[in-house]
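Written below as structure tokens is the structure these notes are about.
Chains as they are written, first to last, in the working numbering: chain V, 1 to 515; chain S, 1001 to 1118.
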């Protein structure tokens, strides 16, 4: 009768919860019994752990062995508990000193030969362990850099169970052949874009108005809708929005990296994502792919959470399946998404800037005169983007193809991303100074009531908005939205409060040129 | 009798010697009924114990103790119940142990005694 305990971490959303892994050897028929709400991959740990222990030159205890993962009510998923289970069993069998492993947090999947494979979600797991007061973690060697992003935690990176056992027994590490560091498993989500470096706003010719709109969106985090014929540069513009955004600060970068880690979408080698992420789901995406989903045991973040602190680009918006676009409405308001499955409700942060693009009609003619669509087909097409969704979009813009004169003029005057990004940074700094001590990081995040109470605007500046409200062309929410944009315009122009022409421009941007 | 039977026989003899060395009283060997056979029934001083003996020449094909699956353990429990009734005892007072033996060469067997397997 022997008992041993180690620790590991179960993830609920982006929160890591400490899990006690206990192994008990008792009387009864020999065998390994795993209890504590495991999913399929975790139940298979039974077979992986046994083979790994035997191939690491250790004795497999032929006894009735029970491994309990507690708290038992917390759902646990994935193969990341293998290492903790193996060490707990060996400690219960008396092969290891109990004191050596009782307070260690261990993450990693075991190969049948005892290799330790990388697992997704190491960063949030190590963060969770650190918050729970555990400051030594064992991680797969391929996840070492990711784990070391967490401050004040001692990271023990190991490549095999044998190496870990030598470490725990204070023996010299085994002389292993130079095994390559195992690469993370192929990502289930689209890996973060690496061609970002080559994009620049100067690549876009013409479209001065759209460039201005992009700058405003970047400065205040405002949602953007681009309507225009194919080839006028909607996608080019959207892809360049991240190049205007300031780099993420440490806290935001860790948030973003944690989400991408869970989705298995971290770029190998340099895991910290410190630039604003950009995701552009294809229009065949399901609601679960966009919002996040999965089984009740394992909920994975969707596109909107991968775009947290960055840009979500919805290209060809009317082509998305019914309901998918409207499901964005709540996350846009609350900055997070709640995914409910039977028995669990998981929250993922989703504070993104939405950029939607659409053609004006199904035939997508370059000029309105060439359009062959019936009026009803045109209105049906755009009606797929619902009013309530557009109501939440601060900047709506109708693009037309750039003219020859515009293109020629623009060759000399196109501003680079760096120039615009500097102005954006200044505007954001002004906003941050104004909001110092408050929890918001950009104008678009301020809730409506707080906006009106804390940041009053002069009556003259409010006049354009109030007139529109009276006419009925502006909703109450639209007014708040336009006010936020007006503050951003004032920040960009280095004014202390919005001038009447700021609110007027904000109103124009909110209304757009509705077809 | 083939080599396997021969080894099993020697294993059971070794198990009996081992139990007697512990001070247990062996009451029956190879007790048979319609449902099967009990290798050894012994008394350990406080309880009646059914001992299932498994003998292997080496661990190459698994530990002898691993040969006891849950169905085999349940069958042993039923057999133990029959033995108990026949001897006027309560079935619940019986205990079932497993004795795994490995070896059989010049230096004898190594004994692995698992108590209360079913």
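Here a beta-carbon is modelled for each residue, glycine too, at the ideal position from N, C-alpha and C. In this text the structure is predicted, and so the values were computed from the model without any measurement.
Residue i burial status per 10 Å Cβ neighbour count (16 or more: buried)
i, result
"residue 396 of chain V", "buried"
"residue 456 of chain V", "exposed"
"residue 1054 of chain S", "buried"
"residue 1061 of chain S", "exposed"
"residue 84 of chain V", "buried"
"residue 501 of chain V", "exposed"
"residue 58 of chain V", "buried"
"residue 433 of chain V", "exposed"
"residue 343 of chain V", "exposed"
"residue 188 of chain V", "Confidence is the limiting factor: at residue 188 of chain V the pLDDT is only 48, short of 50, which leaves the residue's position unreliable and the question unanswerable from this model."
"residue 215 of chain V", "buried"
"residue 195 of chain V", "Because residue 195 of chain V sits at a pLDDT of 49, beneath the cut-off of 50, its placement in the model cannot be relied upon, and the following sentence gives the value as read from the coordinates. By the neighbour-count rule (16 or more Cβ atoms within 10 Å), residue 195 of chain V is not buried but exposed."
"residue 507 of chain V", "buried"
"residue 577 of chain V", "This structure does not reach residue 577 of chain V, given that chain V is present from 1 up to 515, and the question cannot be answered."
"residue 1036 of chain S", "exposed"
"residue 1022 of chain S", "exposed"
"residue 379 of chain V", "exposed"
"residue 276 of chain V", "buried"
"residue 1005 of chain S", "exposed"
Neighbour list for residue i in chain V, Cβ cutoff strictly below 8 Å
i, result
"residue 1038 of chain S", "The premise fails here: residue 1038 of chain S is roughly 17 Å from chain V at the closest Cβ pair, so nothing lies under 8 Å."
"residue 1079 of chain S", "Result: empty, since nearest Cβ-Cβ is about 16 Å, beyond 8 Å."
"residue 1116 of chain S", "27 and 28"
Within chain S, the residues that residue i reaches when beta carbons sit closer than 7 Å
i, result
"residue 62 of chain V", "1063, 1065 and 1066"
DSSP state of residue i mapped onto helix, strand, coil
i, result
"residue 149 of chain V", "coil"
"residue 11 of chain V", "strand"
"residue 191 of chain V", "With a pLDDT of 49 at residue 191 of chain V, under the threshold of 50, the predicted position of this residue should be treated as unreliable, and no value is reported."
"residue 260 of chain V", "helix"
"residue 1089 of chain S", "coil"
"residue 478 of chain V", "helix"
"residue 500 of chain V", "helix"
"residue 309 of chain V", "coil"
"residue 366 of chain V", "coil"
"residue 514 of chain V", "In this prediction, residue 514 of chain V has a pLDDT of 48, which is less than 50 and means its spatial position is unreliable; what the coordinates show is noted afterwards. Residue 514 of chain V falls in the coil class under three-state DSSP."
"residue 140 of chain V", "strand"
"residue 66 of chain V", "strand"
"residue 119 of chain V", "coil"
"residue 1031 of chain S", "strand"
"residue 356 of chain V", "strand"
"residue 1039 of chain S", "strand"
"residue 249 of chain V", "coil"
"residue 1117 of chain S", "coil"
"residue 106 of chain V", "strand"
"residue 279 of chain V", "strand"
"residue 49 of chain V", "helix"
Distance CB(residue i)-CB(residue j) smaller than 8 Å
i, j, result
"residue 258 of chain V", "residue 274 of chain V", "no"
"residue 239 of chain V", "residue 308 of chain V", "no"
"residue 111 of chain V", "residue 24 of chain V", "no"
"residue 139 of chain V", "residue 147 of chain V", "yes"
"residue 222 of chain V", "residue 332 of chain V", "no"
"residue 382 of chain V", "residue 225 of chain V", "no"
"residue 385 of chain V", "residue 482 of chain V", "no"
"residue 503 of chain V", "residue 451 of chain V", "no"
"residue 134 of chain V", "residue 18 of chain V", "yes"
"residue 291 of chain V", "residue 327 of chain V", "yes"
"residue 278 of chain V", "residue 311 of chain V", "yes"
"residue 125 of chain V", "residue 244 of chain V", "no"
"residue 86 of chain V", "residue 161 of chain V", "yes"
"residue 157 of chain V", "residue 173 of chain V", "no"
"residue 1038 of chain S", "residue 1104 of chain S", "no"
"residue 62 of chain V", "residue 1073 of chain S", "no"
Residue i: contacting residues in chain V (beta-carbon distance under 7 Å)
i, result
"residue 1073 of chain S", "29"
Contacts that residue i makes with chain V (C-beta to C-beta distance below 9 Å)
i, result
"residue 1070 of chain S", "29 and 31"
Cβ-heavy atom distance, residue i to the ligand MN, below 7 Å
i, result
"residue 506 of chain V", "By its list of ligands, the structure shown contains no ligand whatsoever, and the ligand MN lies outside what it can speak to."
Cβ contact (3+ pairs, closer than 8 Å) linking the region 22-34 of chain V and the region 61-80 of chain V: Contact holds: three or more Cβ-Cβ distances are below 8 Å.
Sufficient close CB pairs (3 or more, under 8 Å) joining the region 423-432 of chain V to the region 468-476 of chain V: Contact check between the region 423-432 of chain V and the region 468-476 of chain V: fewer than three CB pairs, one atom from each, fall below 8 Å, which does not count as touching.
Stretch pair the region 199-210 of chain V + the region 231-238 of chain V: three plus CB contacts closer than 8 Å: Taking 8 Å as the limit for Cβ pairs, the verdict is that the region 231-238 of chain V does touch the region 199-210 of chain V.
Three CB pairs or more closer than 8 Å across the region 1099-1110 of chain S and the region 1039-1057 of chain S: The answer is yes - the region 1039-1057 of chain S touches the region 1099-1110 of chain S, with three or more Cβ pairs under 8 Å.
Cβ contact (3+ pairs, closer than 8 Å) linking the region 1056-1070 of chain S and the region 477-488 of chain V: No, because fewer than three Cβ pairs between the region 1056-1070 of chain S and the region 477-488 of chain V fall closer than 8 Å, the two stretches do not touch.
Cβ contact check for the region 76-83 of chain V and the region 101-110 of chain V: 3 or more pairs under 8 Å: Output reads yes: the region 101-110 of chain V touches the region 76-83 of chain V.
The region 1109-1117 of chain S in contact with the region 1026-1041 of chain S per 3-pair CB rule at 8 Å: These segments do not touch.
Inter-stretch contact (C-beta, 8 Å, three-pair minimum) for the region 115-122 of chain V and the region 98-105 of chain V: Output reads no: the region 98-105 of chain V does not touch the region 115-122 of chain V.
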